[in-house]
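Colleague:
In full-length UniProt numbering, the protein residues as written are 1 to 189.
(1) Taking 8 Å as the cut-off, decide whether the C-beta atoms of residue 93 and residue 61 are in contact.
(2) Do the CB positions of residue 37 and residue 171 come within less than 8 Å of each other?
(3) Excluding the 5 residues flanking residue 120 on each side, which residues of the same chain have their C-beta closer than 7 Å to its C-beta?
(4) Can you tell me where the alpha helix (DSSP H) holding residue 130 begins and where it ends?
(5) Could you please give me the residues that DSSP links to residue 190 through a beta bridge?
(6) I need the straight-line Cα distance from residue 10 to residue 66, nearest angstrom please.
(7) Quick check: the Cα distance between residue 134 and residue 111, rounded to an integer number of angstroms?
(8) Can you check which of these residues, 68, 186 and 177, is closest to residue 53 by C-alpha distance?
(9) So, residue 43 versus residue 156, is the Cβ gap smaller than 8 Å?
(10) Measuring alpha carbon to alpha carbon, tell me which residue in 146, 45, 117 and 162 is nearest residue 96.
(11) Compute the distance between the beta-carbons of residue 68 and residue 35, then report whether it is under 8 Å.
(12) Between 117, 108, 4 and 12, which lies nearest to residue 187 when the distance is taken from Cα to Cα?
(13) Indicate whether residue 146 and residue 26 have their beta-carbon atoms separated by less than 8 Å.
(14) Tell me the rounded alpha-carbon separation between residue 151 and residue 144.
(15) Residue 24 to residue 138, Cα distance in whole Å?
(16) As a quick exercise: from 125, 21, 182 and 165, pick the residue whose alpha carbon is nearest that of residue 140.
(17) Could you have a look at residue 67 and say whether DSSP puts it in helix, strand or coil?
(18) Using three-state DSSP, classify residue 21 as helix, strand or coil.
(19) Which residues in the same chain as residue 8 place their Cβ atom closer than 8 Å to its Cβ, once the five residues preceding and following it in sequence are excluded?
(20) What are the boundary residues of the alpha helix (DSSP H) that includes residue 97?
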């Protein structure tokens, strides 16, 4: 199988199920941003961080492939001609969201209570987490935008929402672990 197919040379691409759409279609932008997020999480995983975080990040990357597949499948192609679901063995389930919530809760146990906004930064690894959080929020906004006109399972949007929370808390936890300075945002008076 060759990497290049030339089928997209005129600015269209195929969704799961074969439907061709323009490459700037909101569905493509949506799952493309999830792919961007997945790549950025790989960069965080490549940093010198605790093995537990790396394990969780691998699980998140796996789930993001699933979110991307969900977003790449138009509603009319969700069921195959034989009646089976196209993504039969794929899906985001409640335990995927619970994993993120449990990890957030564990990290927050060792962190001081939030009393102020913090400026992103303090350490390169922490900054990567904040960038991934912003990409995640963009992916969520795009998925919500897509859901206004086409079917998007609510749980996929919920997963992205919870993931951005996880990435924010991971940034705070890594700031603590790496003894990075957390700079408070101070509004002008």
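Just so it is clear, CB atoms sit at the ideal spot from N, CA and C, and this is done for glycine as well. Keep in mind that this is a model prediction, so the values were computed, not measured.
Modeller: With the given structure in hand:
(1) In this structure, residue 61 does not lie closer than 8 Å to residue 93 by Cβ.
(2) No, Cβ-Cβ distance for residue 37 and residue 171 is not below 8 Å.
(3) Result list for residue 120: 127 and 130, in chain order.
(4) It spans 124 to 147 - the alpha helix (DSSP H) in which residue 130 sits, taken as one unbroken run.
(5) This structure gives no information on residue 190, because the portion of the chain shown stretches from 1 to 189.
(6) Residue 66 has its alpha-carbon roughly 28 Å from the corresponding atom of residue 10.
(7) Going by the C-alpha atoms only, they are around 22 Å apart.
(8) Distances from the alpha-carbon of residue 53 to those of 68, 186 and 177 put 177 closest.
(9) Contact flag unset, no.
(10) It is 162.
(11) Yes, these two residues count as a Cβ contact at 8 Å.
(12) It is 117.
(13) Using a Cβ distance threshold of 8 Å, residue 146 and residue 26 count as a contacting pair.
(14) Whole-angstrom Cα-Cα distance: 10 Å.
(15) If you draw a straight line from the Cα of residue 24 to the Cα of residue 138, it comes to about 15 Å.
(16) It is 165.
(17) Residue 67: helix per DSSP, three-state reduction.
(18) Residue 21 falls in the strand class under three-state DSSP.
(19) So the list reads 23, once near-sequence residues are dropped.
(20) That run of the alpha helix (DSSP H) goes 94 to 109.
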